[in-house]
Amino acid sequence: MADLYTDVRYIKGIGEKKALAFNKLGVFTLYDLVSYFPRKYDDRTQYRPIAQVMDGESVCIRAVVADTPRLAHIRRGMDLVKLKAVDDSGVVDITYFNQSYVKDNLHRGESYVFFGRMEVKGAHRSMANPVCEPEGKENGVTGRIVPIYRMNAGLSQRVILQAVRQGLALCGEQLPDVLPESVRRRCELAPARYAYENVHFPADYGALELARRRLIFEELFVLACALGRMRGERVREGGIPVRQADLSEFWSTLPFSPTGAQRRAVEQAVGDLRGGGVMNRLVQGDVGSGKTLVAAALIWYVWKSGHASAFMAPTEILAEQHTHTLSEMLTPLGLRVGKLTGAMSAKEKREVKAALKAGALDLVVGTHALFSQDVEYANLALVVTDEQHRFGVGQRSALIGKGQKPHVLVMSATPIPRTLALIIYGDLDVSVIDELPPGRQRVDTFAVDESYRARLNGFIRKLCGEGRQVFVVCPMVEENDELPTPLKSAEEHAKELAAAFPGLRVACVHGRMKPKDKDAVMTAFLAHETDILVSTTVIEVGVDVPNAALMIVENAERFGLSQLHQLRGRVGRGQHKSWCILVSDADTEEVRARLSIMTKTNDGFKISEEDLRLRGPGDFFGARQHGLPAMHVADLGADAGTLQRAQQEATMLLREDPGLSREEHRLLRERVERLFSESADSFN
Ligand code: ADP
Ligand code: MG
């Protein structure tokens, strides 16, 4: 007896080779198979008389083969089968390229259904490579809405379709319904089996819509439950009390005045701190908008009440830089600032941990080392996480679990629509910093191709001659990258640049280096001991090198717009006029459109909207970007309404049964746990 977890090899017609091809698509079991949803659908529901089909229309025709199909060898590697088909209204010439076997399947005088695109030239009608089957064929691929699957070389549409059909027949009965009955009824969703059957083989468009609605809801609901369970219920009551302090005391210590937006964000956060509840606030602001200062003000604020803060950065380099900036701002005011990162020696770590336990630090800045199990905080009242999307949700809650319900400030430079913030961050209050510090100049951006290489090199030479520094970013070259365009790795490119500029000092930093070595290279660049820094995107977030005036991005087509925007934010941070050059030889309409957006605007929110529009949320909200698992049917951008509903239902359910431990929630719990394990790497 087959069950949901039976291997796909069990299916008739699926041998070793096809099974491997399925595996490559992520399909191992029958459950995977029936969960392998179509990419799109072909509408083959319309039948038309031959003479009434217009040029370019794709429809079904019922026709009799009027002559014996003829096979012709046109040239090497090119066979043609030609035949005429007729109905009461007219004649159509049908041609098959390189499918000589159809010659033996189509018989003169017999009736077939053909589905294809009609070409009409004057009175002449023709179809090339139509789908064809005998009239009245059971479970056929004409006369209905036909699923089209994402495929690979070892498979064909027909093989997948037949496998899915068998899979449904074998285990359709056993498909679990992970949605609690009450949720399903309240939200008017179709039962699981109906949904799975109709998403593959919809009886009509109404059925397809019902099926999709249910599956989208299910996927988002499982996601919401998974995130909600990890996060735990938001604690509202009993926040650590913070006394009123006079912020102008802090502002007056700065060499500049805070922008209006910074003031607002701080005041909103202070409102939370003083309101008696636990603060849970997201601060969104474009690169360079001055989020660090907002954090510093709040760290100072809770310190005035005798409390400590932890500031978590996503990388060693950033932890280092934030330690530096925050100490400079806060140590003169009397705060004791420490650092805790994985790269520190065991002895250093031990000392910092002892200090934290003894309450001898007012601020600790660090990486995820901050929430290792053996770190204890004496008086932690505020947790700040920078560039939040780099952390898994689980990590944040691990840190929040330290101490007594600390207040939480999350800082993000990636603009996220409200609905999505809701699911990723839970029930957060949001402040937006929509104003850049004064005097910030626009970074002029150009998109160029290889033919500009010589001029670009001249520009590098000129800027470095004036004492500026240059960032060069190359895409990460993945080992199994099979793309046709050769990608330069950061290391190779650095060698080329070193050869091209004998007088300049070229350094390279990439993800495979040890944190210590990375730090050394970055520190040397900061100190202007090197002129050109070639890197993969390790420099993407936060690093501040005011003397850098040029950002060059190689193979720019490989980056998302939001990512390019982040990269561009690395320059123009000092008083020097700065440029960003996007180099790409990819010559498609889509790439050109995307890169040209970068040359036209510096507004991060606008850019993220365009990114979303052009690439779709699949990429934009990709697993890597936000620590979310990939979605199969749902579209986090387009299905925002459903997302909200699923989120509400998940919150309600988790309130009743936080561990999903009731028997009626067992299936749901299993799915939720499977989602964790499948996307384990994106959560930690
Ligand atoms: P981000 O929001 O990208 O984290 P940062 O906090 O790193 O931005 O700030 C970017 C730069 O702007 C820093 O060098 C910081 O000192 C400076 N800065 C922040 N606020 C102001 C301000 N109100 N006036 C002038 N410069 C500011
Ligand atoms: Mg920052």
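So the numbering used here is basically just the index in the sequence shown, starting at one, shifted up by 352. The beta carbon of each residue, even a glycine, is placed where N, CA and C say it ideally should be. Fair warning: this is a prediction, and the values are worked out from it, not measured in the lab.
Cβ-based neighbour list, I656, same chain, cut-off 7 Å, excluding 5 preceding and 5 following: Inspection of the sequence shows that residue 656 is occupied by Lys rather than by Ile. Non-local C-beta neighbours of K656 in its own chain, meaning closer than 7 Å and more than five positions away in sequence, comprise R595 and A597, ordered along the chain.
State the DSSP-derived secondary structure class of V861, mapped to helix, strand or coil. Three-state result, V861: strand.
Grab the span of the beta strand (DSSP E) containing R300 for me, first residue to last. Since the first residue shown for the chain is 353 and the last is 1036, residue 300 is missing from the structure and cannot be characterised.
Within a Cβ cutoff of 8 Å, which residues of the same chain sit near G495, ignoring the five residues on either side of it in sequence? In its chain, beyond the 5 residues on either side, R396, T397, Y399, C412 and V465 have a beta carbon closer than 8 Å to the beta carbon of G495.
Stretch pair the region 384-394 + the region 413-421: three plus CB contacts closer than 8 Å: When C-beta atoms of the region 384-394 are compared with those of the region 413-421, fewer than three pairs fall below 8 Å, so the two segments do not count as touching.
If distances are taken between C-alpha atoms only, which option among R1018, V493 and M503 comes closest to P482? The residue among R1018, V493 and M503 with its C-alpha nearest the C-alpha of P482 is V493.
DSSP state of F602 mapped onto helix, strand, coil: Of the three classes helix, strand and coil, the one that applies to F602 here is helix, per DSSP.
Below 8 Å on the Cβ atoms is my contact criterion, and I expect V530 with R1023 to pass it. Report the Cβ-Cβ distance as a whole number of Å. That belief holds up - the Cβ atoms of V530 and R1023 are roughly 5 Å apart, short of 8 Å.
Quick one: does the C-beta of K643 sit closer than 6 Å to a heavy atom of the ligand MG? At least one heavy atom of the ligand MG is nearer than 6 Å to the Cβ of K643, so yes.
Decide if A475 is buried, meaning its Cβ has at least 16 other Cβ atoms within 10 Å, or exposed. A residue is called buried when at least 16 other Cβ atoms come within 10 angstroms of its Cβ; A475 does not meet this threshold and is exposed.
Would you identify the three-state DSSP class for G468, choosing helix, strand or coil? DSSP places G468 in strand when its eight states are reduced to three.
Cα-Cα separation between E909 and P1010, rounded to whole angstroms: Going by the C-alpha atoms only, they are around 44 Å apart.
Residue burial classification, H1017 (beta-carbon count within 10 angstroms, cutoff 16): Classification of H1017: buried, given that the 10 Å Cβ count is 16 or more.
Would you give the residue range spanned by the beta strand (DSSP E) that Y393 belongs to? First-last of the beta strand (DSSP E) with Y393: K392 to D395.
Between S783 and R633, what straight-line distance do the alpha-carbon atoms span, to the nearest angstrom? Using only the alpha carbons, I get a separation of about 7 Å.
Answer with buried or exposed for R427, where buried requires no fewer than 16 other C-beta atoms within 10 angstroms of its C-beta. Exposure of R427 is indicated by the presence of fewer than 16 other C-beta atoms within 10 angstroms of its C-beta.
At which residues does the alpha helix (DSSP H) containing C816 begin and terminate? First-last of the alpha helix (DSSP H) with C816: R805 to G817.
Secondary structure of G956, DSSP reduced to three states: Look at G956 here: in three-state DSSP terms it is helix.
With a threshold of 6 Å, establish whether the CB of F957 neighbours any heavy atom of the ligand ADP. For F957, the shortest C-beta to heavy atom distance toward the ligand ADP is 6 Å or greater.
Closest to F608 by C-alpha separation, out of G590, V574, M681 and E549, would be which residue? Closest by C-alpha distance to F608, out of G590, V574, M681 and E549, is M681.
Judging by CA-CA distance, which residue of K376, L572 and L432 is the nearest neighbour of L1020? The candidate whose alpha carbon is nearest that of L1020 is L572.
In the DSSP output, what is E485 paired with across the bridge? Looking at the DSSP assignment, E485 forms a beta bridge with V465.
Can you name, in chain order, every residue of its own chain whose Cβ lies under 6 Å from the Cβ of K376, other than the five neighbours on each side? Result list for K376: N504, in chain order.
How about A354 and L522: are their beta carbons less than 7 Å apart? Yes, Cβ-Cβ distance for A354 and L522 is below 7 Å.
What's the C-alpha gap between A698 and T677? Going from the Cα of A698 to the Cα of T677 covers about 24 Å.
Of all the options H880, L722 and M903, which has the alpha carbon lying nearest to the alpha carbon of V795? When only C-alpha atoms are compared, the closest one is M903.
Which one or two residues does DSSP pair with D796 in a beta bridge? Partner(s): W931.
Could you spell out where the beta strand (DSSP E) holding K436 opens and where it closes? M430 to V438 is the extent of the beta strand (DSSP E) around K436.
Just to check my reading of the structure: I402 and V443 have Cβ atoms closer than 8 Å, yes? What is that Cβ distance to the nearest angstrom? With 8 Å as the limit, I402 and V443 qualify as a contact, their Cβ atoms being about 7 Å apart.
Is it the case that the CB of F602 approaches a heavy atom of the ligand ADP more closely than 6 Å? In this structure, F602 has its beta carbon at no less than 6 Å from each heavy atom of the ligand ADP.
If you compare alpha carbons, which of G627, K364, G628 and V646 is closest to V635? Among G627, K364, G628 and V646, the Cα nearest to that of V635 belongs to V646.
List the endpoints of the continuous beta strand (DSSP E) containing D445. Element bounds for D445: V443 to F449.
Selection from R616, F853, E540 and G921 that minimises the alpha carbon distance to A563: Ranked by Cα distance from A563, the options R616, F853, E540 and G921 are led by E540.
M950: which of F374, I933 and R820 sits nearest, CA to CA? Taking only the C-alpha atoms, the option nearest M950 is I933.
Secondary structure of P867, DSSP reduced to three states: Under the three-state reduction of DSSP, P867 is assigned to helix.
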